[in-house]
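*Asks:* The structure under discussion is supplied below as structure tokens; questions concerning it will follow.
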């Protein structure tokens, strides 16, 4: 039974990477709402110019990285599963990226300060599920690459 | 790019430059008084800022590690290597534009040496990755 499933594993992993790519593109789209939801403009008013500009620059770069991971996984998932050392490095990096994000959600962010309400609670739960899914998919892709 | 050593040299210089930027990311918070500035933010935004800093360090560290330990694979012309080179070319070219057009002029006047050093570093990285991306995409070395 296991060997039967093993034959389908690369195809399953490819489909999972496609889903991961789409999930990251959805996260990118949702990220555009965050500055408004958390009122970044008003919150960053009291800090110095440089800190404010650094904050926006870093946020922009994280968005670009998520977009790149999403596009790469959705449109070139095969390149992430070619068994090369480069594919291992990239899938390992993205697994670390989302694994760390999951740990930050649970152990660093004080979620009591997040906006309340049913919608925000649901959005937070969806986000956590997405982080778990992404970390697991890229860890599986890393394991697949290391096995080849 | 007929000399096979040239891309490797470009990537090792990029690795060194990235490592210097990485080190600067640990020095900058004290120099630019992040703590004092960030203390004026609400705790949630302070946490977001720290996470942003961590991810920026992670990204730059990841790029440096690729250039130090896998220069041959990066210059090898595989589809993944080409995508990575284009990504890094875009990443650092955009950073040059941000340095010129987004960061406040007063800040750049306050730290003229750092401004020139960072602009040169970002410029080199943008140009080196762009050259390699073009070479691997269109000329296959």
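Chains as they are written, first to last, in our numbering: chain A, 1 to 148; chain B, 149 to 289.
Backbone N, C-alpha and C define an ideal beta-carbon position, used for all residues, glycine too.
Quick one: give me the first and last residue of the alpha helix (DSSP H) that residue 120 of chain A is part of.
*Replies:* Note, residue 120 of chain A: alpha helix (DSSP H), 118-146.
*Asks:* Mind listing the chain B neighbours of residue 124 of chain A? Cutoff is C-beta to C-beta under 8 Å, in chain order.
*Replies:* Going along chain B, no residue has its Cβ under 8 Å from residue 124 of chain A, so there is no contact; the nearest lies around 13 Å.
*Asks:* Would you say residue 38 of chain A reaches chain B, if we count a Cβ-Cβ gap shorter than 8 Å as a contact?
*Replies:* Yes, contact with chain B.
*Asks:* Counting only beta-carbon atoms, is residue 177 of chain B nearer than 8 Å to chain A?
*Replies:* Answer no: the Cβ-Cβ gap between residue 177 of chain B and chain A never drops below 8 Å.
*Asks:* Would a C-beta distance cut-off of 8 Å place residue 95 of chain A and residue 142 of chain A closer than the cut-off?
*Replies:* For residue 95 of chain A and residue 142 of chain A, yes; Cβs fall inside 8 Å.
*Asks:* Where does the unbroken alpha helix (DSSP H) through residue 263 of chain B begin, and where does it stop?
*Replies:* Taken as a continuous stretch (DSSP letters only), the alpha helix (DSSP H) holding residue 263 of chain B covers 260-282.
*Asks:* Leaving out five residues before and five after residue 177 of chain A in sequence, what residues of the same chain have Cβ atoms less than 6 Å from its Cβ?
*Replies:* In the structure as shown, chain A begins at 1 and stops at 148. Residue 177 of chain A is therefore absent and cannot be evaluated.
*Asks:* Go ahead and label residue 91 of chain A buried or exposed: buried means 16 or more other beta carbons lie within 10 angstroms of its beta carbon, across all protein chains shown.
*Replies:* Buried, since its Cβ has 16 or more Cβ neighbours within 10 Å.
*Asks:* Residues of chain B with CB closer than 9 Å to the CB of residue 49 of chain A, please, in chain order.
*Replies:* The answer, in chain order, is 251, 252, 254 and 255.
*Asks:* Report yes or no: is there a C-beta of chain A within less than 8 Å of the C-beta of residue 207 of chain B?
*Replies:* By this cut-off, residue 207 of chain B is an interface position.
*Asks:* Please work out which residues of its chain come closer than 8 Å, Cβ to Cβ, to residue 89 of chain A, disregarding the five sequence neighbours upstream and downstream, and give them in chain order.
*Replies:* Closer than 8 Å at Cβ, skipping near neighbours: no residue.
*Asks:* Enumerate in chain order the residues of its own chain whose CB-to-CB distance from residue 223 of chain B is below 6 Å, with the five nearest sequence positions on each side excluded.
*Replies:* Excluding sequence neighbours, residue 223 of chain B sits near 155.
*Asks:* Let me make sure I understand the geometry here. Which of B:170, B:253, B:216 and B:280 has the alpha-carbon closest to that of residue 229 of chain B?
*Replies:* Here the closest residue by C-alpha is B:280.
*Asks:* Residue 186 of chain B versus chain A: which residues are under 8 Å apart at the beta carbon?
*Replies:* Under the 8 Å cutoff, chain A gives 47 and 51.
*Asks:* Anyone know if the C-beta pair for residue 53 of chain A and residue 251 of chain B falls short of 8 Å?
*Replies:* Yes, Cβ-Cβ distance for residue 53 of chain A and residue 251 of chain B is below 8 Å.
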